[in-house]
Amino acid sequence: MDTIKRLNKWANSHTSLPLDLLRILLGAFIFYKGMTFSVHTNYLYEILNPLDEWLGTVIIVHYVTMAHLAGGILIIIGLITRIAVLVQIPALIGAVLINFMGVMDATNLIAATIVLVACVFFLAYGSGRHSVDYVLKMQM
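In structure tokens:
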């Protein structure tokens with residue numbers, strides 16, 4: 189708990205509007221990918237083709253889709269951002285690794301790597317000053 193308080197104090201003293209805009213764009217991109225996966229589930233099954241022999245492919249598809257949809261909205265508004273980002277990290281690590289297990293797609297690899305790095309940053313940084321978390325914290 190002390191670590192989170194120190195991270196919040198550091199984030200509040202170093203917050204700026206561009207970082208909050210980056211958080212909103214990150215959440216919008218994650219939500220967009222979740223919408224894409226929910227509409228085109230066959231595309232997600234094609235991506236997960238190297239894991240076809242695993243029994244949990246259906247579970248992975250549903251986890252990734254729902255985590256991206258719910259997490260994207262939470263990241264956009266800045267509500268429980270660290271938890272929402274933490275839920276995204278396993279899916280993003282899988283997105284990076286799947287490029288090495290199957291057919292390499294440079295565009296997907298770069299996008300997944302950038303989003304993974306941004307999520308790790310916001311895991312440490314938090315939601316910033318322009319967020320629901322900050323408003324709720326100031327009301328306490």
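Count along the sequence shown from 1, add 188, and you get the number used in this note's numbering. Glycine included, C-beta positions come from ideal geometry on N, C-alpha and C.
Which of helix, strand or coil DSSP assigns to residue i
{"i": "residue 244", "result": "coil"}
{"i": "residue 326", "result": "helix"}
{"i": "residue 293", "result": "coil"}
{"i": "residue 250", "result": "helix"}
{"i": "residue 236", "result": "coil"}
Where the alpha helix (DSSP H) containing residue i begins and where it ends
{"i": "residue 268", "result": "Looking at the DSSP string, residue 268 is not in any alpha helix (DSSP H), and its letter there is neither H nor E."}
{"i": "residue 317", "result": "Segment: none, residue 317 is in no alpha helix (DSSP H) and carries neither H nor E."}
{"i": "residue 223", "result": "205 to 227"}
Cβ separation of residue i and residue j, assumed to be a contact under 8 Å, to the nearest whole Å
{"i": "residue 248", "j": "residue 236", "result": "6 Å"}
{"i": "residue 257", "j": "residue 219", "result": "6 Å"}
{"i": "residue 232", "j": "residue 246", "result": "Between residue 246 and residue 232 the Cβ distance is about 11 Å, and since that is not below 8 Å, they are no contact."}
{"i": "residue 269", "j": "residue 315", "result": "4 Å"}
{"i": "residue 262", "j": "residue 284", "result": "Incorrect: roughly 22 Å between the Cβ atoms, too far for contact."}
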